[in-house]
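A quick write-up on the structure given underneath.
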Amino acid sequence: MNDITTEGYVMKGHVKWFDAGKGFGFILAQEGGADILLHANVLRNFGQSSVADDTGIEVLVAETERGLQAIEVLSIEQNLAPPGSGLADFAEFDPADIAAVPIEPARVKWFDKGKGFGFANVFGDDADIFVHVEVLRLAGLADLFPGEAIALRAMEGKRGLMAAEVLPWESAVPRPL
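The number in this note's numbering is simply the position in the sequence shown, starting from 1, with 105 added.
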């Protein structure tokens, strides 16, 4: 059952599809029913510019004249696969070693979804870090945009410095005790 709020209700589901170029997509509710519109601005307010198809999501939903719409993203399911498991380049690495690499704040330099890769730079460092689309998918992301803030674990791989894991940007911010 959904929790009712004054502005709508909380709903869990999965992303049916999301197209960052079009600026919207749709969510399928766990409980079934009509598709829920997910607008790019609502996703950006959560701190992401894209979300991968089939990713679990929890949103606040409102009924509008045009149908159901997500008005706030509450959470996006992160894949529980070990860091580095999305790319064959990291097959030889122990997942515990990858998980021990510090999470660093970074900015996307460029990313080409069609090519399936791009580059990012850790704040304060101009070294390019290769980012593969399979690593993004494990993070629940489908695309990145120049200047977008992310967090990542970078390590030397077969292609040079590579992102073994991409995380929401706030993952790199230390939390007060």
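Beta carbons: idealized from backbone N, C-alpha and C, even for Gly.
Note that the structure is predicted; figures quoted are calculated from it, not measured.
- Its Cα nearest to that of Ser154, the residue His144 stands out among His144, Gly161 and Ile162.
- In this structure, Val236 is the residue among Val236, Trp122 and Gln135 with its C-alpha nearest to the C-alpha of Phe195.
- For Ile234, the uninterrupted beta strand (DSSP E) run begins and ends at Ile234 to His237, by DSSP.
- Taking 9 Å as the cut-off, the Cβ atoms of Ile234 and Leu257 count as close.
- Buried is the label assigned to Phe222, since at least 16 other Cβ atoms lie within 10 Å of its Cβ.
- In this structure, the CA atom of Lys214 is about 5 Å from the CA atom of Pro251.
- Ala167 is a Cβ neighbour of Glu112, given a cutoff of 9 Å.
- Within the segment 111–191, the runs of beta strand (DSSP E) that reach at least 3 residues and sit entirely inside it are, in chain order, 113–124, 129–134, 141–144, 161–169 and 172–181.
- In chain order, Ile132, Val166, Leu173 and Ala175 place their CB closer than 6 Å to the CB of Ile141, counting only its own chain and leaving out the 5 sequence neighbours on each side.
- A distance below 6 Å between beta-carbons, with the five flanking residues on each side excluded, links Lys117 to the following residues of its chain, in chain order: Gln135 and Glu163.
- Per DSSP, the unbroken alpha helix (DSSP H) holding Asp202 starts and ends at Pro200 to Ala204.
- Taking the Cβ atoms as the reference, Leu272 lies roughly 6 Å from Ala244, within the contact range of under 8 Å.
- Per DSSP, Ala256 is one residue of the beta strand (DSSP E) stretching across Ala254 to Gly262.
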